[in-house]
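In this text, residue positions in the sequence shown follow full-length UniProt numbering: the first is 1, and each later residue adds one.
Glycine included, each C-beta is placed from N, C-alpha and C at the ideal position.
Beneath this line is the structure, given in structure tokens, with notes to follow.
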Amino acid sequence: MVEFTPKLPIEKTNAIANLGAGLIEKVALKFSRNFWSKKTGGSDFFGRVPSSISNRGSCGIFYDLSRKSTPKKSHVLMTVLTGELALQASSMNDGQIVQHVLDLLKGLFPGETIPKPDKYIVSHWGQDPYSGMAYSFVPLGSTGQDYDEIAKSLEDKLFFAGEATNRQFPQTVTGAYISGIREAEKILMRKFEEEEGFL
């Protein structure tokens, strides 16, 4: 937990408390062959309806990243773990998570031999001590104004960047990047103003 001395203004701490901290985990699987396109018609993504409400965060969508790969075609699927499964993933190892995804793919493509992935990547945002989350969200009772409040600098000495400070592009790398540029510009302008006669 980060502590500020002196404490942040109450408006800023309230805004931080108002925003939610969303948790998802992503799983990308690289296969030796594409076994899904025949059934999905070459779509960039396909979905899965869970068998029960308790499984609704379990890989509801798969993204076909094959067309986005280098000219040397890779056969890559990416899916997301949300809800309870994202929380449970923190106590599972990568092998268990990958096996869970493979079992779901076997159910989606009956009669198809699903190969073991050549490579895989599993995010662990929930276990990351520096973030503990994937991205912010606006829960009930919060507003987009909270993003604006978090973005405000303090006395032109302490600056805030990140996707949770960008009301237009929250939950995105783009939002985080743009907010970094925004704050860098503020810092540069402050420096230029300090240099007598520069502006």
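- Taking 8 angstroms as the cut-off, the beta carbon of E163 is found closer than this to the beta carbon of G175.
- Beta-bridge annotation (DSSP): F31 is paired with H75.
- Counting other Cβ atoms within 10 Å of its Cβ, E112 stays below 16 and is therefore classed as exposed.
- By alpha-carbon distance to W36, the top candidate from K106, G20, T82 is K106.
- Inter-residue distance for Q171 and V122 is about 19 angstroms (C-alpha atoms, whole angstroms).
- Sequence-distant partners of N18 (beyond 5 residues in either direction) whose C-beta falls short of 6 angstroms from its own C-beta, in its chain, are S142, D146.
- With contacts defined by Cβ atoms closer than 8 angstroms, L23 and M133 form a contacting pair.
- In the structure shown, the three-state DSSP call for K191 is helix.
- Note on N166: 16 or more other CB atoms within 10 angstroms of its CB, so buried under the neighbour-count rule.
- Every alpha helix (DSSP H) stretch that sits fully inside the segment 119–173 and reaches 4 residues is listed by chain position as 145–151.
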